[in-house]
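Undergrad: Below is a structure I'd like to ask you about.
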Amino acid sequence: LIGIVKKNAIMMIDFALEAQREQGLSAREAIFQACLLRFRPILMTTLAALLSALPLMLGTGVGSELRHPLGVTMVGGLLLSQLLTLFTTPVIYLTFESWAERWRVKRGLPAVKHVPRSEAEVLGEEGTQPGLDDGSKERP
Numbered sequence: 054l055i056g057i058v059k060k061n062a063i064m065m066i067d068f069a070l071e072a073q074r075e076q077g078l079s080a081r082e083a084i085f086q087a088c089l090l091r092f093r094p095i096l097m098t099t100l101a102a103l104l105s106a107l108p109l110m111l112g113t114g115v116g117s118e119l120r121h122p123l124g125v126t127m128v129g130g131l132l133l134s135q136l137l138t139l140f141t142t143p144v145i146y147l148t149f150e151s152w153a154e155r156w157r158v159k160r161g162l163p164a165v166k167h168v169p170r171s172e173a174e175v176l177g178e179e180g181t182q183p184g185l186d187d188g189s190k191e192r193p
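In structure tokens form, the structure reads like this:
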């Protein structure tokens with residue numbers, strides 16, 4: 054159960070960070086977009102696990118009284134953990150973003166409008182020379 058919940062939270066946060074980097078969205082817009090676009094895959098994964106636990110929970114027959122508590126625990130745990138994950142992940146993401154922004158302001162650093170994707174971008178190295186149309190490096 055923990056693995057499914059963790060994977061879903063990582064998917065949302067990864068998608069939000071990518072949206073911030075690629076599209077230049079604010080943290081609020083990025084996590085909102087991530088929640089909208091990743092909801093269906095998250096729901097499909099959770100429902101697959103939940104439906105696989107239903108026979109344990111609803112089964113009858115010899116030994117079903119031993120498997121019933123496991124089924125109830127799996128179904129209840131999946132429902133509760135997914136609801137908490139879908140509501141708390143965006144809140145925690147936005148909280149950490151606001152803390153990071155306060156830290157930057159406190160240190161006198163500029164607000165981050167563009168999140169660099171590589172060390173070369175951080176150092177300002179473009180890797181291209183002016184005048185080259187295709188963006189490739191000049192060969193010696």
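In my numbering, the protein residues as written are 54 to 193.
Note that CB positions come from ideal geometry on N, CA and C, so glycine has one too.
On the DSSP letters alone, give me the boundaries of the alpha helix (DSSP H) that Arg160 sits inside.
TA: Per DSSP, Arg160 belongs to no alpha helix (DSSP H) and is neither H nor E.
Undergrad: CA-CA distance, Arg192 and Ser79?
TA: Below a pLDDT of 50, predicted positions are generally treated as unreliable, and Arg192, at 44, falls in that range; the measurement from the model is reported next regardless. Rounded to the nearest angstrom, the two C-alpha atoms are 39 Å apart.
Undergrad: Among residues of its own chain, excluding the 5 on either side of Gly184, which ones have a beta-carbon nearer than 6 Å to its beta-carbon?
TA: Interpretation of Gly184 is limited by its pLDDT of 46, a score under 50 that renders its predicted location unreliable; the figure taken from the coordinates is listed afterwards. Nothing listed; no residue qualifies.
Undergrad: Starting from Thr99, trace the alpha helix (DSSP H) both ways and give me its first and last residue.
TA: 80-111
Undergrad: How far does the alpha helix (DSSP H) with Gly56 in it extend, from its first residue to its last?
TA: 55-76
Undergrad: To the nearest angstrom, report how far apart Leu107 and Val128 are at their CA atoms.
TA: 7 Å
Undergrad: I need the straight-line Cα distance from Ile66 to Gly116, nearest angstrom please.
TA: 42 Å
Undergrad: By the 10 Å Cβ neighbour count, where 16 or more other Cβ atoms means buried, how is Ala101 classified, buried or exposed?
TA: exposed
Undergrad: Contact between the region 155-165 and the region 80-96: three or more CB pairs below 8 Å?
TA: no
Undergrad: Please say whether Leu123 and Leu109 have beta carbons closer to each other than 7 Å?
TA: yes
Undergrad: Given this structure, state the Cα-to-Cα distance separating Ile55 from His121, to the nearest angstrom.
TA: 20 Å
Undergrad: Would you call Asp186 buried or exposed, if buried means 16 or more other Cβ atoms sit within 10 Å of its Cβ?
TA: With a pLDDT of 47 at Asp186, under the threshold of 50, the predicted position of this residue should be treated as unreliable, and no value is reported.
Undergrad: In three-state DSSP terms, what is Val115?
TA: coil
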